[in-house]
Structures are given as C-alpha cells and as structure tokens.
Amino acid sequence: MTLDVELAEVRDFLAEHPPFDGLPIATLAELSRGLGSGQHRRGTVVLAAGAVPADLLVVRSGAVELRTPGGDLVERGGPGTCIGGEALAAGVVQPVVTTALEDTSVLVMPAEVFTELREQHEAFATFFSPRSGGRLRRAVVLQREQQGTPSDRAVLRTRVGDLVARKPVRVPPTATIRDAAARMTEQRISSVLVTEAEQLVGILTDRDLRSRVVAHGVDPSEPVSAVMTPDPITTSPDALALEVLLELVRSNIHHLPLVEHGHVVGVVTANDLQRLEQANPVHLVSEVAKAPDVATVAGVAPRLGRLVQSLVRQGTSAHDICRVVSTIADAFEQRLLQLAEAELGPPPVAYAWVTLGSRARYEQALGPDQDHALVLDDGYLPDDEEHSAYFSELAERVTSGLEQVGYPRCPGDKMATSPSWRQPLTSWSDHVSRWVRTPSPDAVLEASVFFDLRHQFGDADLTRRLARHLRVAAHGSPLFLAYVAAHVVSQPPPLGFFRGLVVDRSGEHRDTLDLKRGGLSVIVQIARLHGLAAASEQTSTPGRLADAVDAGLVSAELASDLRDAWEFLAHLRLRHQAEQVQAGLRADSKIQPSLLSSFDRRHLKDSFGVIRSAQAALAQRYPVHVLS
0 MTLDVELAEV
10 RDFLAEHPPF
20 DGLPIATLAE
30 LSRGLGSGQH
40 RRGTVVLAAG
50 AVPADLLVVR
60 SGAVELRTPG
70 GDLVERGGPG
80 TCIGGEALAA
90 GVVQPVVTTA
100 LEDTSVLVMP
110 AEVFTELREQ
120 HEAFATFFSP
130 RSGGRLRRAV
140 VLQREQQGTP
150 SDRAVLRTRV
160 GDLVARKPVR
170 VPPTATIRDA
180 AARMTEQRIS
190 SVLVTEAEQL
200 VGILTDRDLR
210 SRVVAHGVDP
220 SEPVSAVMTP
230 DPITTSPDAL
240 ALEVLLELVR
250 SNIHHLPLVE
260 HGHVVGVVTA
270 NDLQRLEQAN
280 PVHLVSEVAK
290 APDVATVAGV
300 APRLGRLVQS
310 LVRQGTSAHD
320 ICRVVSTIAD
330 AFEQRLLQLA
340 EAELGPPPVA
350 YAWVTLGSRA
360 RYEQALGPDQ
370 DHALVLDDGY
380 LPDDEEHSAY
390 FSELAERVTS
400 GLEQVGYPRC
410 PGDKMATSPS
420 WRQPLTSWSD
430 HVSRWVRTPS
440 PDAVLEASVF
450 FDLRHQFGDA
460 DLTRRLARHL
470 RVAAHGSPLF
480 LAYVAAHVVS
490 QPPPLGFFRG
500 LVVDRSGEHR
510 DTLDLKRGGL
520 SVIVQIARLH
530 GLAAASEQTS
540 TPGRLADAVD
550 AGLVSAELAS
560 DLRDAWEFLA
570 HLRLRHQAEQ
580 VQAGLRADSK
590 IQPSLLSSFD
600 RRHLKDSFGV
610 IRSAQAALAQ
620 RYPVHVLS
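In numbering that gives the first Met the number 0, the protein residues as written are 0 to 627.
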C-alpha cells in the first residue's frame, strides 16, 4: 500500500468519527500526516493511570475497556474511541486504566498537535472538555435546531397574557348590578371584575346575570357583591394556553382573571383559547372536554401519537412535548371522571382523585401505564356498602375508560381500583409516616411512587393536605433520605456503547437499552431526593432541582447538567416513539444503540456521565455505604 493511499484511508477513517467529523477535509488531510500508530496485544495496557498523557490515542481497530484503579468498569469502546483526551486537555493525570480487549491498533496524536487543534477549532475543544455538561447543552440545542423553526412552536408556547387585547374593566363591590351590566354592555364584554383598593375580590359574568339575577328575580339595584363570584380562581399571564383551558374545563368556568404581582392585568375566556388554530393541542383538549361518552373520548386518543410526531418534527423541546402529553392525558382522565360521576350521582363523601408518577411531574411520554389513587374524606366508612360500592365503581369505570383510551393497567396494581390505593386521608398519612419512620428498601420503593403526586379531580384540599404531610414527613427524616440516596446510588448508568453495552440479553427487547430505566428514571430520583431534602413544593424535575440549588444542596452547574441530560434523553426517547407510531408499533423507551449516530452515542455517554457524577455527590452527602 502506498503512503498516499494509507494517508487517505486515515483521513477517511477520522472523518467518520467525532470530533474529527467536524473538522474541514483539508485539516484532516494535513492531520493524517502528523499521526503515528501503535499496536497492542489483547490484555495489555494501552494507557496507564497516574500520569498526564503525552498523546491522544484513537482506536482504529479492535476494542478497549476503561476501568478505575479499583476495577470498576467505566466504558468499553471500539473504532473511533478517543483515549486520554480529557486528561490531556486539562493537564491532569489519567484517572483510568485502558486495556485492550483484543488485538488493537491505535492512531497516536502528539500533544502539540492536539493542543493546536483545540486552539483552532472550538467544537473539537468542547468535545474534550472535562465537563460533559457543555457538550450536552450544545447537543440539546442541535437536537432542536435540526428540526423546525421557532414559528412552528409559537402556538404551542402561547402565553395566556398574549391573548389579552384590552385592559380589565372593573367596578367596586358597592356598584349596583344595573351599573355593572351597563358597563358590560357598553364595553361589549362578557364579564366585569370587582375590585377593592386595587385587589380582586370577585367577578360577575353573563352567566351570573342569567342564573343569579334574572332567574331569581333579584333587584338590579342591589350591590354587585350580592351576586358576584367571590375570590375567583386566577392564574399568571405567563401560564400556557393549553393548561389554562384545562383549568377552565376542570372548574367549569369560562373566565379566568390574570394576576401578576398581586394586580389584575386582564381576563382570558374559553372562547379566546378555543380560537387558537385547530391543529393546536388546545383544540384537542377542547374536543375531549365536550365528549359525550367514553367511546368518543377514546376516538380522540389516536391523535395524541400523531401530535407527538408533529411536535418532534417541529423541533419542540422534550420538556414542552411531555407537558403537552401530560396535559392531554389529564383531559382524558378528567372527562372520564366527569362522565362516571354524572352516571353514578354525587359521591357519598368528598374525595380527591390524584395522578402519580411521570404525569404528576408533567413528564409523561407515549406508552405509559396507569398510576393513580383516591384520597377519601375521613368520613368514609369502608364497611358502609354505599360508600365502598360507589368508589369501587367510580375507580373501575375510570380505569376501564383509560384502558379504552390506550393506557394499560399498572402491572403493580398501583391504581384506585385496588382497595389499598383508595383510602381516607388519615390512612394515607399513617402510611406515609410509617414509610418514613421505619425506612427500608421496600418502603423506599413504595413511597417513591407516592412522592410524585398531583391533584386531578374532586376536593383539592384533600390533595393539598396529603402533599403537605408527605413533604414535611420526608424532610424531617434524615434516615429516610439516606435510604432513598442508597437506592439511587445502587443504579449504575449503562456506560459503554460498542462492546459490553448493558442491554437486555433475551426476549423481545434483546440488544436494546432502556432509556427510561437506565437514565431518565435515575435523574428523576436524584431530583426527587434533593427536592424532599429541600422541602420543595415542586413536583417537576426542573422545579425540584431549582429549589435544591436555592437550598445549597446541589451546585447550579450540576443541576444544569442534570436538566440537560434529562432533556437529551427525553428527546431521544420521543424521537424513537414518534418513529414507532409512524410504523404502527406500540411506543416504548427501548432503543438499539447500534442504530444510533455517533453524535447520539457520544451524548448518551455524556448524559450517563452526568448521572454518575450526581450519584457520586449523593454518596458523599449521605452514608449510603452503611445502608447498601
């Protein structure tokens, strides 16, 4: 083989692997001339730990594995794997030992050539940054920039404040009903706000005038305070239109005042929201809210998968897509609860239907099973046939309806259909206290489901009281938090992507990697633990991490890296699920690493590296070695 042919082959080889694939072809051609080569027999050390590397090594053929001096596996890699780059870039000793798994050849780049490339090419330098977070942030941006434009996502990100075209119209509580009605007619509006000393105290709507004034023959000279809706539900002008529409549906109201820093800035109506284009998720939620029966609700459901396909194509962030999926699932569940209650009649005692898990965090993707529970008023009597029959039937109707919509039953039976998952508030509180007071690995697993809880339907005060008890109990038990930390640390991320990848070895998912189990779930657990330690009222992963940073429990840098890792993994899962929907398959979280691009494989390793760093930080903060 002539020298020119050999150099061309080296150039072409480098062009196929990151970070060299981002270098100009002329640079690669020149680089090929400055590289040496080396051969390593199977079982021999390619690069030892304990010294600053003198060269960057690039595996050209064969396979290597990297282990800590203590013998823990860090990574396995094949052709294209770079060895020693991060230590060389930082000028620190190589922390791991690299050994040839089989006869292996490497390209050798001298330190001065490596330094010159880093100075001249920012992307090349970033690739070897000791912090994977910077690379992840760029990868997250690239994921979205490669698809769609900001205008594609504008309607999805619509703030309700952007829909308000006029200042709020107000009257004082002492104004007469006639005066208020006259203002509404004059301004051609369907509601008027009642304020006192700039503070919102009530709202009067067209419906109030019909149902409370005309229908009951109330004298129009009476003060508006006699017929207004006092202390109305409000929201922030920064709230998303999709979620606000669901709140209107849930509360059976048509007007929602917008309050910012204690002052009313406008009113948004159901009509304002429903005028958004029909392709928007807002329209889908509106259709579900008007569905007359379970079959109609189920008929809308297939559009959710197609919507996710569209959002992925548009380059929408994983955070936004999961929020849309969760909100639409809320709409399904709430409509089924409304239909069931309409058929069964009023409940014998107050209750709260709560959603659990990923949907409670607004982080649901496609293909989840059901996770929900009933929190009953303490007046519930389990031996009373009317009480038990009503809530048993309610739970079964909603659960069966969700099955028809496309959400399978929970294999672990963590659903309101199970008597153990529909209990009075006091019983739930006792369970939580017992989990926290006498922690064990089983108690941690049981409790983890319930610490992601969000109100869905019924008496919201029951949910608030239980959530407050959960928060206070966990925050006050360092031993329980230590057990949670031990559980989180016991789940090592599946680092290594060529040979020795941690994949399913048998069954229908053989040779696949579970993005949820191996990555997303661990990030969620890390954030949950930090949130509990900070007594955070947040349920979402980003919200918990933000509160943990404010409490000084995690660095802002690590929290940012965890958010980026979650976003990258979640987007990769959604892209995979969109492809499954296109192929008519059921969505899951299992990917084949062999089908991924080198870009995706590299940033998967970065994501798992962030998780490992966060786990190491937990192991230092909590006495996990004693509990493991």
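Glycine included, each C-beta is placed from N, C-alpha and C at the ideal position. Here the structure is a predicted model, which is why all the values come from computation and not from measurement.
Query, Result
"What residues match up with GLN198 in a beta bridge as DSSP calls it?", "GLU195"
"What span of residues does the alpha helix (DSSP H) with MET183 cover, start to end?", "176–186"
"According to the Cβ coordinates, are VAL435 and LEU355 closer than 7 Å?", "no"
"Go to PHE567, then tell me how far its alpha helix (DSSP H) extends in each direction, as first and last residue.", "555–581"
"Identify which residue in HIS575, ARG527, GLY583, GLN591 has its Cα closest to the Cα of ALA613.", "ARG527"
"Do VAL267 and LEU162 have their CB atoms nearer than 7 Å?", "yes"
"How is LEU203 classed by DSSP in three states: helix, strand or coil?", "strand"
"With a threshold of 7 Å on Cβ separation, who are the neighbours of GLU566 within its own chain once the five nearest residues in sequence on each side are excluded?", "VAL139, SER316, ALA317, HIS318"
"Measuring only the C-alpha atoms, how far is GLU118 from VAL4?", "29 Å"
"What residues are listed by DSSP as bridge partners for PRO222?", "THR175"
"Using beta-carbon positions only, say whether THR97 and GLY61 come within less than 7 Å of one another.", "no"
"Where ARG334 and ALA288 are concerned, what is the direct C-alpha to C-alpha distance, given to the nearest angstrom?", "6 Å"
"Could you have a look at ARG32 and say whether DSSP puts it in helix, strand or coil?", "helix"
"Between GLY84, PRO68, THR26, GLY583, which lies nearest to ALA53 when the distance is taken from Cα to Cα?", "GLY84"
"What residues match up with GLY631 in a beta bridge as DSSP calls it?", "With the chain covering only 0 through 627, there is no way to say anything about residue 631."
"Report yes if the C-beta distance between PRO172 and GLU195 is below 7 Å; otherwise report no.", "yes"
"Give me, in chain order, the residues of the same chain whose beta-carbon lies closer than 7 Å to that of ARG40; leave out the 5 immediate sequence neighbours on both sides.", "ALA99, ASP102"
"Going straight from the alpha carbon of VAL471 to that of ALA240, what length do you get?", "33 Å"
"Rounded to the nearest angstrom, how far is the Cβ of GLY457 from that of TRP352, given a contact under 8 Å?", "5 Å"
"Reducing DSSP to helix, strand and coil, say where LEU106 ends up.", "strand"
"In three-state DSSP terms, what is PHE496?", "Summary for PHE496: the model assigns pLDDT 41, below 50, so the residue's position carries little reliability, and this model does not support an answer."
"Could you check the C-alpha separation between LEU568 and VAL281 for me, to the nearest Å?", "26 Å"
"What residue does the alpha helix (DSSP H) around ALA297 start on, and which one ends it?", "293–299"
"Going by the beta-carbon positions, is the gap between LEU245 and THR326 smaller than 7 Å?", "yes"
"Less than 8 Å between C-beta atoms, sequence neighbours within five positions excluded: which residues of the same chain meet that for ALA225?", "ILE176, VAL217"
"Ignoring anything shorter than 4 residues, give me the alpha helix (DSSP H) runs that lie fully in the segment 213–259, in order along the chain.", "240–250"
"Measure the C-alpha to C-alpha separation of VAL404 and GLN524 and round it to an integer number of angstroms.", "29 Å"
"Determine the burial state of ALA89: buried for a count of at least 16 other Cβ atoms within 10 Å of its Cβ, exposed for fewer.", "exposed"
"Between LEU709 and LEU514, what straight-line distance do the alpha-carbon atoms span, to the nearest angstrom?", "As displayed, the chain neither begins before 0 nor continues past 627, which places residue 709 out of reach and without an answer."
"How should ILE590 be labelled, buried or exposed, when 16 other C-beta atoms within 10 angstroms of its C-beta is the threshold for buried?", "buried"
"Among ILE522, ILE252, ARG408, HIS529, which residue has its Cα nearest to the Cα of LEU552?", "HIS529"
"Sort GLU64, LEU469, ARG10, VAL443 by Cα distance to VAL487 and report the nearest one.", "VAL443"
"Buried or exposed: which applies to GLU340, given that a residue is buried once 16 or more other Cβ atoms fall within 10 Å of its Cβ?", "buried"
"Distance, Cα to Cα, ARG358 vs LEU192?", "34 Å"
"What does ARG40 pair with, by DSSP beta-bridge criteria?", "None; ARG40 has no bridge partner."
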